[in-house]
Every structure is written in structure tokens, then in C-alpha cells.
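Chains as they are written, first to last, in the numbering used here: chain A, 1 to 368; chain G, 1 to 248.
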């Protein structure tokens, strides 16, 4: 045990004396959170609108004019075929499609209820929700004014539909995503680099000749990164709650529990990588390309998994961060109970056990 | 006279697939001896040494180091040996005393023991004033000195030196050998691999490995006589000529 403590202390020296690494370790979560939180929300102005208007009535023309007059929208296109909606999103730079019902004006004047669909591009949930917000405002303002003049009580029901992201996942998506990415990066990348550095410098050999058991060497090496990951986890949550105003709706204990599993998994992955490569550069490339890219692209951090081609959805299933991000999203944003994240927890646990077994086995064979 | 052997190897063998890196070598090393382990690159000397240190399991044969079986009691073997590699293997971002404390601690020395011993050894290598220097700021020769000191800091019975003088100048090498002599004088057995034939002359006995086998083993004087050579270099040349393996 004393050996272990002495060794862990040495690991902390390595980290604290390397200012650049320290900055990366502790500064990156903050930078990422602020970047995702503030810089990526884009202001909505002059969003191009396409309109499908089968009724062509005075009322719909009036609504269209109001959209045109608003600083947020400009009507770009009238579509006459409902099936073109997909195309205008794909090939045009349309941000919103207004679809009036067939008998909009008679519904409104006689039925007291008229509906209009607001279709947005759900791949950018932030923007989409802002656009629908502004559009709904215009509609309800129109409704107020008209009912004031005519005294006829009626309402316009906007039906909001986000294409490509039907669940309309919240704009808070990035918080779980950043958590997944940071933890993966710090645990896996930093651990693998730290272990490989010992190999590269030849100190690993000295340690293996010493009476210290190899398993303790590994444990002692990962302990500081484990501690740092927990610090980062807390930093991210504090920033998220107090700076970005994204609350933790579910159980904090559950959130920490899932995170600890994920940290354990990422550390195992780091150990595995360190066994496979022999230089620090290779370790960095392996964890950078092999881990970061999938985490960024396939975990649902940037693109909703539901809108990926089937094959990419399958591939994303083997990216551990995907399950972690999903679990955190459920716990943090939707505030669900433990039984609803059991699937994610089991998958993560299974992956973690698989990885640690694999890496310890690999570590042993290298010895003999 | 019964001599005390601290390293005994009997038919020690290491195979990697079809390739026999170390081929049934048998030798023993006396307590307090400086034993030179010579061989061209690829002759198998590093592999043999790794087996003796417990870094690698022998495919066949037996080895006793410091009285313990290398296969079944490797933990006890490790407790009783020191090891220094070609790379010096100190932590560059730790201070001189932190390196000593770390290795002392890994070998289970108590804090008090460490601090007493630390002053003594630093004095003996004239590095007291460098106690708080980062290792990366030391010149190469000093690093080497320190690395050796670290490897015998916990008072091992045997110290294994794997080409310890690679890349340093002749004067530093000479000084380093003085350090080795004084360690041997204090009762530590020194097992050293080297490329430099002038260093072989400093050893009490040397073995020369060719293609995984020990081709000669005796004191430098005897070997010179036997192969009617003027120096170890010539002895080595004569033996190494028989090698079929390519060096790496």
C-alpha cells in the first residue's frame, strides 16, 4: 500500500509539473462547455421560408405578408406539391416550411380552429426551436388582432414538426455530449500516453524488475486520471447548472454512478491502447483518431443518431460514448428513474468488463 | 573451499516460436564478483538477462538468483536485485532526491532509512548540491552516475547492468567503473553486459555469447591465454567469427 501511495504521488508530480498538460486537463472542459454553450447558438435572421398553401385565401395571404414583413423571415418559395418538402430542405437553404391546411380560411372563420404546420430542419435543434418560436409568435399575434376586429372566436393551431429529428431533442444536448467527450479524452488518451511514456523512457522496465506488482503499477498510473476525471465531471456539472442554466432533473447519485462506470470503461480503453502501441505519438493518434472521431461524429453529440443511415447507426452502437451520452441525457434532461437507463448501464458495464479483461490479458502476455 | 554462488543458470533456454534466442546456457556467478556478459547484438544476452531479472519466463531450464528460483519465486528475486538499463531510466521531471525516494519507496524502504541513505549516497557521488535539481537538467554523465546509485540504493545482493555505458565518453566510463568497483567491494555482485572490450578487461570473469550459446567463460587473463590473443577484443573477434546470426 505504501508503494502504491508513493507511486501515485509521483504520478501527480508528472501531471502538475507539466503545465501544458495541466491546462489541457483542467481548461478543456471549461472551454468546451462555454464554446458549445454560447458560440454555437446562432441568431436567427432572414430565415428563408417555403409555403405550401392549397387554399390561397385572403387570410393565408395576410399571414404570409406578416412573415415577409418580419425581420426573421423572408418568403422564398411557394411549393405546389407537398412531396417537395424534403427537397427544399435538402437542396435549398430553406429553414422553415409553412403548410396551411386545405380549407384554412373556412376552418378559421366557421370551424373556429385552423391548423398550420411549421416544419423545420431538426438536425439543428437549437435553430429549429428558435425558428418555430418566432413563427408561432407571428401566428398568435395575427390571431389576436383578427379576432379583436371581427369578434369571432377562433384559434390557429400551429403543429410543429422537426424533420430528421422527430423527438425534437433539446438544445441542451451538448452537455451530455461534452461530458462523454471530455471523460473519454482525459481517461483514455491521457492514461494511454502516461503509460506509454514510461515504456518510451525505459522506466517501465525498471518498474517491472522492481517488486511492485504490475497490476499496482497500472492502478497507480490510472488513479490520478481517475481523480482528475471526477474533478472535471464536477466542473462540467457546475458550469452547466450555474452558467448555462441546464439543470440536472434526475438523480445526481444515478448520474455519478453512470459516469463512474463510463470513466472506468475509458480508463480500461486507455490501458488497452497503451498495450498496443509503443510510442506516445502513436498513443495520441490511436486515441485521437480511434476515439475522438467516433465520439464526435457517431455518439449523437453532433448529429442525432436517429437520422443517420442504418449502417452508421449500427456502428454507433459499439461506440461506448453513445450509450453514456444517451444515459446522461435521460437522467439529466428528462429526469428519468434508474430503471429507464438500465439498458445503457448494462451495455456500459459489459463493455467495461470486456475491455479491462482484454487489456489485463494483453498486459500479461507482454511480460512473458 | 565452498564458494557461494548468487546466480546459477542451468540449461536456461528461451524460444520465440521456432527461434531459439537463448540456447541452453549454463553458468554461475560468485558472490561479490564482477561478471561480464559479452556478445554481439542479437547474440541473446539481453534475453538471458531479462530471464534472470524475472522480466521474461524461460522456455526451459532453471535459474537461481540470490537463492530464489526465477520461475516460482520471482517476487523474492525482484526484491533482491537492482537493475539499470541503457536508457538510465530516471524520471526527468522529478528532482534528484525525488527519484531516490521513489525507488527507495518502491523497494519498501522506510522514509527514515531513505533520508539517511540518501545523504550518504549523494555525498559519495559528489552530488549533494544537486539534490533539488531536476534530472533533466543534469549532464549525461551525472545521470548515469545517479542511475547506478538508484539501482543499488535499496542494497540489492545483485545488480544487473544492461550496457550501462552506452553513449558516454571514455573518462566518464572510467569513473563509472570506479563506482562499479566500489559497489563490488561492498559485497554487491555485478552482472554487466557490454559492447566495449576494454570494459571486459575490468571484469573478474567474462562469458561470451555467440548465437544464443555461451562459447567461452573465464577470467580475461585466461581467455587471452587460451585464444593466444593480446586483448579481449581479439578473443571476441575470434569467437564472433563463428556467428551465423545477423546482428540487429
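Glycine included, every Cβ here is placed at the ideal spot set by N, Cα and C.
Check                                                                                                                                                                              : Outcome
So which residues on chain A does residue 75 of chain G lean against when the C-beta distance must stay under 7 Å?                                                                 : 211
Grab me the residues of residue 144 of chain G's own chain with a C-beta within less than 8 Å of its C-beta, minus the 5 sequence neighbours each way, in chain order.             : 88, 164, 165, 168, 172, 176
Against chain A, does residue 85 of chain G count as a neighbour if the rule is that its beta carbon must be under 8 Å from one of theirs?                                         : yes
Hey, is residue 89 of chain G's beta-carbon within less than 8 Å of any beta-carbon in chain A?                                                                                    : yes
If you check the beta carbons only, do residue 178 of chain A and residue 32 of chain A fall under 8 Å apart?                                                                      : yes
Using a Cβ-Cβ distance cut-off of 8 Å, determine whether residue 368 of chain A contacts chain G.                                                                                  : Only weak support exists for where residue 368 of chain A lies, its pLDDT of 47 falling under 50; the value from the coordinates is given anyway. Yes, residue 368 of chain A lies at the interface with chain G (some Cβ there is under 8 Å from its Cβ).
What first and last residue would you give for the beta strand (DSSP E) that runs through residue 198 of chain G?                                                                  : Where residue 198 of chain G is concerned, there is no enclosing beta strand (DSSP E), although the alpha helix (DSSP H) it sits in stretches over 197-200.
Can you tell which of G:228, G:113, G:5, G:82 has the C-alpha that lies nearest to the C-alpha of residue 207 of chain A?                                                          : G:82
Does any residue of chain G bring its CB to less than 8 Å from the CB of residue 275 of chain A?                                                                                   : no
Just checking: is the beta-carbon of residue 81 of chain G within a distance shorter than 8 Å of some beta-carbon in chain A?                                                      : yes
Look at the alpha carbon of residue 85 of chain A and the alpha carbon of residue 47 of chain A, and state the distance between them as a whole number of angstroms.               : 16 Å
Just to check my reading of the structure: residue 246 of chain A and residue 240 of chain A have Cβ atoms closer than 8 Å, yes? What is that Cβ distance to the nearest angstrom? : 5 Å
Closest Cβ-Cβ distance between residue 6 of chain A and chain G: below 8 Å?                                                                                                        : yes
Helix, strand or coil for residue 166 of chain G per DSSP?                                                                                                                         : coil
Residue 353 of chain A and residue 228 of chain A look like a contact to me (Cβ under 8 Å); what is the Cβ gap, rounded to whole Å?                                                : Rounded, the Cβ-Cβ distance is 23 Å, inconsistent with contact.
Spatial neighbours of residue 113 of chain A within its chain, please: C-beta separation below 7 Å, excluding the five flanking residues on both sides.                            : 107, 154, 155, 157
Can you give the beta carbon distance from residue 92 of chain G to residue 135 of chain G, rounded, assuming they're within the 8 Å contact cut?                                  : 5 Å
Measure the Cβ-Cβ separation of residue 13 of chain G and residue 69 of chain G and say whether it is below 8 Å.                                                                   : no
Would you say residue 6 of chain G touches the ligand PLP, meaning its beta carbon is less than 7 Å from a heavy atom?                                                             : The model on display carries no ligand, and the ligand PLP is accordingly not part of it.
Which partner residues of residue 15 of chain G appear in the DSSP bridge assignment?                                                                                              : G:20
Please tell me whether residue 68 of chain G has its Cβ less than 8 Å away from any Cβ of chain A.                                                                                 : no
Which residues, in order along the region 103-128 of chain G, keep a beta-carbon less than 8 Å from a beta-carbon of chain A?                                                      : 103, 105, 106, 107, 108
Can you tell me whether residue 275 of chain A is buried or exposed, with buried defined as 16 or more other CB within 10 angstroms of its CB?                                     : buried
At a Cβ threshold of 8 Å, is residue 98 of chain G touching chain D?                                                                                                               : Of the protein chains in the structure, A and G, none is chain D.
Residues of the region 195-211 of chain A with a CB closer than 7 Å to any CB of chain G: list them in chain order, please.                                                        : 201, 202, 203, 205, 206, 208, 209, 210, 211
Measuring alpha carbon to alpha carbon, tell me which residue in G:90, G:233, G:213, G:201 is nearest residue 219 of chain G.                                                      : G:201
According to DSSP, simplified to helix, strand and coil, what is residue 241 of chain G?                                                                                           : coil
For a contact defined as C-beta to C-beta under 8 Å, what are the partners of residue 3 of chain A on chain G?                                                                     : 105, 106, 108
Name, in chain order, the residues that DSSP records as bridge partners for residue 30 of chain G.                                                                                 : G:5
Tell me whether residue 59 of chain G sits in a helix, a strand or coil according to DSSP, three-state version.                                                                    : coil
To which residues of the same chain is residue 45 of chain A closer than 8 Å at the C-beta, ignoring the five residues directly before and after it?                               : 71, 72
Give me the subset of the region 12-29 of chain A whose CB atoms are less than 8 Å from a CB atom of chain G, sorted by chain position.                                            : 13, 14, 17, 18
Locate the beta strand (DSSP E) running through residue 114 of chain A, then write down its first and last residues.                                                               : 113-121
Between residue 54 of chain G and chain A, is any beta-carbon pair separated by less than 8 Å?                                                                                     : yes
For chain A, check one thing: does any of its Cβ atoms lie closer than 8 Å to the Cβ of residue 78 of chain G?                                                                     : yes
Return the first residue and the last residue of the beta strand (DSSP E) that residue 47 of chain A is part of.                                                                   : 47-52
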